[in-house]
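Step one of this worksheet: look at the structure below.
Number of protein chains: 2
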Amino acid sequence: MTATPSSSSQHAGRAWVFGDDLTSEVLAPGRYMKFSIEEIAKHCLESVEPRFAAEVRPGDVVVGGRNFGAGSSREQAAEVLRHLDISAVVARSFAGLFYRNAFNLGLPLLVCAEAGSIRAGDVLDVDAESGRIDNRTQRRAIACEPVPAHLMALIRDGGLLGHLEKRLKKA
Amino acid sequence: MTATPSSSSQHAGRAWVFGDDLTSEVLAPGRYMKFSIEEIAKHCLESVEPRFAAEVRPGDVVVGGRNFGAGSSREQAAEVLRHLDISAVVARSFAGLFYRNAFNLGLPLLVCAEAGSIRAGDVLDVDAESGRIDNRTQRRAIACEPVPAHLMALIRDGGLLGHLEKRLKKA
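Chains as they are written, first to last, in this note's numbering: chain D, 7 to 177; chain A, 7 to 177.
This is the structure in structure tokens:
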């Protein structure tokens with residue numbers, strides 16, 4: 007169940023679709039913060055989609071609206087999505103702290119003006135590096151903002167810690 | 007004119023107020039990207055406020071609406087504000103890449119639901135660590151989201167590079 011660093015920037019998965027201002031509290035509910043990430047992950051998004059944690063499959067994609075990940079700075083909000091093997095989050099915009107934490111933990115986020123066109127259950131091919139999503143279900147290509155190369159390097163190394171280890175070994 | 011790392015998280019300055027979706031292109035116009043940061047800074051925000059670069063004073067505060075810093079990943083968008091000695095940017099929300107770049111470069115950002123209450127020229131005491139702004143002009147306190155301790159450490163060390171240098175020296 008542990009997310010492994012991806013060797014490619016391409017992923018295919020089913021879409022789970024949520025609305026604007028989805029908070030870090032909804033991703034990682036405060037009352038479980040004292041437990042392990044495994045336990046917190048079981049309650050990820052349960053207040054808006056009780057089936058999510060049980061039914062999500064490795065490679066699935068979380069889709070949001072504006073200001074995804076708003077609220078507290080807790081890293082677990084991104085960590086649970088990594089733990090559940092979510093391949094990417096696609097949203098109109100992200101809260102700054104969530105954006106920072108997610109890449110540091112190796113979870114790719116795509117800023118996408120057309121995120122609203124994606125429907126629950128659509129099968130998506132996501133290429134974070136080019137910012138291209140192929141919506142196989144709708145037979146439609148969606149252009150997102152490409153993830154900059156320096157952040158793709160973090161993703162490939164499984165997050166900031168892996169990236170720094172690799173850089174320091176080279177030095 | 008070079009921004010120096012601040013020893014405290016408190017700053018006072020005049021507010022420069024802008025709207026929603028202020029882009030990195032407006033902060034650091036693409037046609038000046040080949041020039042030095044000094045040159046780019048002269049054109050910071052000129053398309054929406056031609057007086058800005060010439061009249062901004064060290065310690066002044068930039069205030070925005072939603073999705074501040076949207077668009078390209080260019081680091082210069084945050085770097086010009088540091089170069090102009092802006093003490094903080096206060097906005098309803100920030101674009102993820104801008105948020106990441108700004109803290110890495112030592113520029114504090116405050117997420118503030120009440121940013122819209124601030125008017126151009128208001129004198130503000132900004133305390134990034136506690137997330138408290140005293141609007142001296144309006145005699146009103148504004149509660150923003152506190153900047154997390156690990157990001158305040160970046161700010162105190164003048165950005166990510168200074169922070170890593172300090173950490174590696176200790177190790």
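Glycine included, C-beta positions come from ideal geometry on N, C-alpha and C.
Cross-chain neighbours of D:Pro114 in chain A, by beta carbon under 7 Å: Position 108 of the first sequence, counted from the start, is the residue given in the question as residue 114 of chain D. Chain A residues near D:Pro114: none, gap ~11 Å exceeds 7 Å.
Three-state class that DSSP yields for D:Ala34 in the structure shown: By 1-based counting over the first sequence, the position of residue 34 of chain D is 28. The answer is coil: DSSP assigns D:Ala34 none of H, G, I, E or B.
Where A:Gly102 meets chain D, residues with beta-carbon distance less than 8 Å: For this step, residue 102 of chain A is matched to residue 96 along the second sequence. Ser99, Phe100, Ala101, Gly102, Phe104, Tyr105, Arg106, Leu115, Val117, listed in chain order.
Within chain D, partners of A:Ser53 - CB distance below 8 Å: By 1-based counting over the second sequence, the position of residue 53 of chain A is 47. Neighbours of A:Ser53 on chain D: none; closest Cβ ~21 Å, over 8 Å.
Under the three-state DSSP convention, the category A:Leu157 falls into: On the second sequence, residue 157 of chain A is found 151 positions in, with the first residue counted as 1. A:Leu157 sits in a helix when the DSSP states are folded into three classes.
Neighbourhood of A:Ala84 by C-beta, 6 Å cutoff - its chain only, sequence neighbours within 5 removed: The sequence position of residue 84 of chain A within the second sequence is 78, counting from 1. The residues are Asn107, Ala108, Leu111, Leu113.
A:Val54 classed as buried or exposed, judged by whether at least 16 other C-beta atoms fall within 10 angstroms: On the second sequence, position 48 is the one that residue 54 of chain A refers to. That one is exposed.
Inter-residue spacing [alpha-carbon to alpha-carbon] between D:Gly75 and D:Ser42: The count along the first sequence starts at 1 and reaches residue 75 of chain D at position 69. The count along the first sequence starts at 1 and reaches residue 42 of chain D at position 36. The straight-line gap from Cα to Cα measures roughly 20 Å.
Near-chain A residues of the stretch 32–60 of chain D - C-beta to any C-beta below 8 Å: Going along the stretch 32–60 of chain D in chain order, one finds no residue with a Cβ nearer than 8 Å to chain A.
Limits of the alpha helix (DSSP H) - the one that A:Ala149 falls within: Working through the second sequence from its first residue, we reach residue 149 of chain A at position 143. Element bounds for A:Ala149: not the alpha helix (DSSP H) but the beta strand (DSSP E), 146–149.
Inter-residue spacing [alpha-carbon to alpha-carbon] between A:Ala94 and A:Ala119: Position 88 of the second sequence, counted from the first residue, corresponds to residue 94 of chain A. Position 113 of the second sequence, counted from the first residue, corresponds to residue 119 of chain A. The C-alpha of A:Ala94 lies about 16 Å from the C-alpha of A:Ala119.
Segment contact flag, the stretch 56–73 of chain D with the stretch 16–33 of chain D, C-beta cutoff 8 Å, min 3 pairs: yes
Chain A contact for D:Pro154 (CB, 8 Å cutoff): Counting from 1 along the first sequence, the entry for residue 154 of chain D is found at position 148. At least one chain A Cβ lies under 8 Å of D:Pro154.
Min CB distance D:Met7 to chain A below 8 Å: Here residue 7 of chain D refers to the residue found at position 1 when the first sequence is read from its first residue. Low confidence applies to D:Met7: its pLDDT is 36, below 50, so where it sits in the model is not reliable, and the reading given next is rough at best. With 8 Å as the cut-off, D:Met7 does not count as an interface residue toward chain A.
Chain-order list of residues whose beta-carbon lies under 7 Å from that of D:Thr29 (same chain, five-residue window excluded): Looking up residue 29 of chain D in the first sequence gives position 23. Same-chain partners within the cutoff: Ala76, Gly77.
Entirely enclosed alpha helix (DSSP H) segments - the stretch 98–137 of chain D, minimum 4 residues: 102–110
Beta carbon proximity, A:Ser79 to chain D, threshold 8 Å: The residue given as residue 79 of chain A occupies position 73 in the second sequence. Answer yes: the Cβ-Cβ gap between A:Ser79 and chain D drops below 8 Å somewhere.
Coil, strand or helix - D:Arg72 by DSSP: By 1-based counting over the first sequence, the position of residue 72 of chain D is 66. Here D:Arg72 sits in coil by DSSP.
Residue environment, D:Leu174, which counts as buried when at least 16 other CB atoms sit within 10 Å: For the purposes of this step, residue 174 of chain D is taken as the residue at position 168 of the first sequence. Counting Cβ neighbours within 10 Å, D:Leu174 comes out exposed, since fewer than 16 surround it.
Rounded C-alpha distance that separates A:Arg171 from D:Leu167: Taking the second sequence and counting its residues from 1, the one referred to as residue 171 of chain A is at position 165. Taking the first sequence and counting its residues from 1, the one referred to as residue 167 of chain D is at position 161. Per the sequence shown, the amino acid found at residue 171 of chain A is Glu instead of Arg. Going from the Cα of A:Glu171 to the Cα of D:Leu167 covers about 16 Å.
Assigned exposure category for D:His49 - 16 Cβ within 10 Å defines buried: Numbered from 1 along the first sequence, position 43 holds the residue referred to as residue 49 of chain D. Classified as buried, D:His49 has 16 or more neighbouring CB atoms from the shown chains inside 10 Å of its CB.
8 Å Cβ cutoff met for D:Phe100 and D:Leu90: Within the first sequence, residue 100 of chain D is the residue found at index 94, counting from 1. Within the first sequence, residue 90 of chain D is the residue found at index 84, counting from 1. Not in contact: D:Phe100 and D:Leu90 (Cβ atoms no closer than 8 Å).
D:Ser136 burial status per 10 Å Cβ neighbour count (16 or more: buried): Taking the first residue of the first sequence as position 1, residue 136 of chain D is located at position 130. It counts as exposed.
CB contact below 8 Å: A:Lys141 versus chain D: To locate residue 141 of chain A, count along the second sequence from 1; it is residue 135. It is Asn, not Lys, that sits at residue 141 of chain A in the sequence shown. Taking Cβ atoms only, chain D never reaches closer than 8 Å to A:Asn141, which makes this a no.
Burial state of A:Arg88, where buried means 16 or more other Cβ atoms lie within 10 Å: Within the second sequence, the letter at position 82 stands for residue 88 of chain A. When all chains shown are included, A:Arg88 counts as buried.
Spatially closest choice to A:Asp128 from A:Ile139, A:Val117, A:Gln144, by CA coordinates: Along the second sequence, one-based indexing puts residue 128 of chain A at 122. Minimum Cα distance to A:Asp128 is reached at A:Gln144.
For D:Glu151, the nearest candidate out of A:Leu103, A:Gln82, A:Ala134, A:Pro154 (CA to CA): For this step, residue 151 of chain D is matched to residue 145 along the first sequence. Closest option to D:Glu151, Cα to Cα, is A:Leu103.
DSSP bridge partner residues for A:Gly19 (one or two, in chain order): Locating residue 19 of chain A in the second sequence gives position 13, where the first residue counts as 1. DSSP output for A:Gly19 lists A:Leu130 as bridge partner(s).
C-alpha gap between D:Ile92 and A:Pro56, whole angstroms: The residue given as residue 92 of chain D occupies position 86 in the first sequence. The residue given as residue 56 of chain A occupies position 50 in the second sequence. Straight across, the Cα-Cα distance linking D:Ile92 with A:Pro56 is about 45 Å.
D:Ile46 - DSSP class collapsed to helix/strand/coil: If you number the first sequence from 1, residue 46 of chain D lands on position 40. Three-state DSSP puts D:Ile46 in a helix.
Reduced DSSP category for D:Val96 - H, G, I as helix; E, B as strand; rest coil: Along the first sequence, one-based indexing puts residue 96 of chain D at 90. Here D:Val96 sits in strand by DSSP.
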